Every structure is written in C-alpha cells, then in structure tokens.
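Visitor: Pasting a structure below so you can have a look.
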Amino acid sequence: MPPRKKLSDLDAGRAIGWLQDGVAARQVAQRLAVAPSVIIRLKQRFHATGRVQERQHSGRPRVTTQREDRFIQRQAMQQRMATANIRQRLQATTNTVVEWSDDPKPLTQLWLACKASSPRNNPDCKSPSSSPSLVHSTCEAATSEVGSGVVYR
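Here you go:
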C-alpha cells in the first residue's frame, strides 16, 4: 500500500477555509485530489489544536527510501558475500552515501521484521541513543564479512 499523500500547509489552509465557507468535505477532497478521510482528519485536527500543520514526529528521519531498502535486501539475499559490491551499486544507482562501521552482524538481518517490531521485541533493533552506528531509522545493519559493517546516513 503506498504511503498517504500529505497535504502541503497551503492546501491544508485552503481546505479549512473551504470547510469554514460551508463546502462539503467530499467536494474539498475532490478539489484537492485526496481521499475524503484526509480532509476529515484535517478538520478534526484543526478543531482539536487550532492548527493545520502536523505535529513533529519522534525518531531519526529516514535517509533511504523504502525502494532503496528493498534494493539492499534483494542484493544481500542474491549475493550474500558481496557487501562491497552492494555498497557500490547503491551509491551508483541512488547517490546514497554509505560508510563503513565495525559491526559484524549480517546485512540480511535488515529484514522488515526489524522495522515492523519494536526495539524491545527484537534484539537486532536498537534505539538511536543506544547505538553509535545507525541505519536510517532504528535498525542496525552490517555485512556477512566479520569486522566490516555498513552504516547508511
């Protein structure tokens, strides 16, 4: 399922203005080409907080996209011992900067289970404060070669 389309602050303000002028939420959604649930949520947030901006979210911002994550996983599964090649291909195709660390865990442990579970339930996931070498969110990844790991920034 693709991620939700986020309204810009300008569009959110326009939507609230239209809603206050008496335009139905469905019509506002059609004008902005979004789902009606987006407008309903925006309206509820505006009535609760008086603001149209989303609140800040905790955690480290993502650097790699979901597509880049899948690329890394696919390459790691196809060529389990070719970490340097994976790093070079990722840099060549996406211009994502990849640096080395000293984490001996295999790169194949970067599976989605690490992202889906909380750090308490999965020992391979660590909170950003407890680990100096971080992948874009909360999971650490490394190579199958002992002593050379990969850190994505």
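Residues in the sequence shown are numbered from 197 upward in steps of one, following the working numbering.
Where is the CB? At the ideal position from N, CA and C, for every residue including glycine.
If you're wondering where the values come from, they're calculated on a predicted model, not measured in any experiment.
1. So within the region 228-274, which uninterrupted alpha helix (DSSP H) runs reach at least 4 residues, ignoring any that extend past its ends?
2. For the region 265-279 and the region 223-238, state whether three or more C-beta atom pairs, one from each stretch, are separated by less than 8 Å.
3. Roughly how many angstroms lie between the CA atoms of residue 214 and residue 224, to the nearest whole one?
4. Would you mind working out which of 255, 211 and 275 sits nearest residue 240, comparing C-alpha positions?
5. Return the Cβ separation of residue 259 and residue 208 in integer angstroms, given the expectation that the two are a contact with Cβ distance under 8 Å.
6. Can you tell me which of 242, 264, 203 and 216 puts its alpha carbon nearest to the alpha carbon of residue 290?
7. If we call anything under 9 Å between Cβ atoms a contact, is residue 293 one with residue 287?
8. From residue 277 to residue 205, what distance separates their C-alpha atoms?
9. So is residue 279 buried or exposed if we call it buried at 16+ other beta carbons inside 10 Å?
10. To the nearest angstrom, how far is it from the Cα of residue 217 to the Cα of residue 252?
11. Out of curiosity, what's the CA-to-CA distance linking residue 219 and residue 230?
Guide: On the basis of the supplied data:
1. DSSP runs (the alpha helix (DSSP H)) wholly in the region 228-274: 232-245 and 262-274.
2. Between the region 265-279 and the region 223-238, the count of C-beta pairs closer than 8 Å stays below three; the two stretches do not touch.
3. Each residue's Cα considered, the two are about 7 Å apart.
4. Check the Cα spacing between residue 240 and each of 255, 211 and 275: the tightest is with 211.
5. Contact between residue 259 and residue 208 is ruled out by a C-beta separation of about 26 Å, above the 8 Å threshold.
6. Comparing Cα positions, the closest option is 264.
7. Yes.
8. So the two alpha carbons sit approximately 46 Å from each other.
9. That one is buried.
10. Each residue's alpha carbon lies about 29 Å from the other.
11. Rounded to the nearest angstrom, the gap between the Cα atoms of residue 219 and residue 230 is 15 Å.
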